[in-house]
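The number in this note's numbering is simply the position in the sequence shown, starting from 1, with 1 added.
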Amino acid sequence: VQLQASGGGLVQPGGSLRLSCAASGGIFSFNLMGWYRQAPGKQRELVATITSGGTTNIADSVKGRFSISAAKVVNTVYLQMNNLKPEDTAIYYCNMDLVSRGRYWGQGTLVTVSS
2 VQLQASGGGL VQPGGSLRLS CAASGGIFSF NLMGWYRQAP GKQRELVATI
52 TSGGTTNIAD SVKGRFSISA AKVVNTVYLQ MNNLKPEDTA IYYCNMDLVS
102 RGRYWGQGTL VTVSS
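Structure below.
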């Protein structure tokens, strides 16, 4: 199983980005998919998760600006980020808890919010 994250980049404050993370290597069912981020000098923190039933959990720091969704058919999880702020600058990692497979991390994608 490999997770490939994409969609990061440089964006101005107030801008938007959409991150994607696709799992390859088979056909999977998942228990939980999520996004985490790690800013320079800080610990990795939870951004958002989504269960196989569609229940989402969004961190307070991004609530109202970020949303998470999943496309089960293509083993992909998305993070829509709107109204980005400089403090959102971080490496964003996807994570998937796959049924009978375990937990996997993507390689990370850098998001930089700067004018």
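Here a beta-carbon is modelled for each residue, glycine too, at the ideal position from N, C-alpha and C.
For T77, the closest C-alpha among the options I28, A40, L18 is that of I28. For N96, the enclosing beta strand (DSSP E) covers residues 91-99. Residue pairing from DSSP places G10 in a beta bridge opposite V112.
For K86, the secondary structure class from DSSP, reduced to helix, strand or coil, is coil.
Assigned with DSSP and collapsed to three states, V74 falls in helix.
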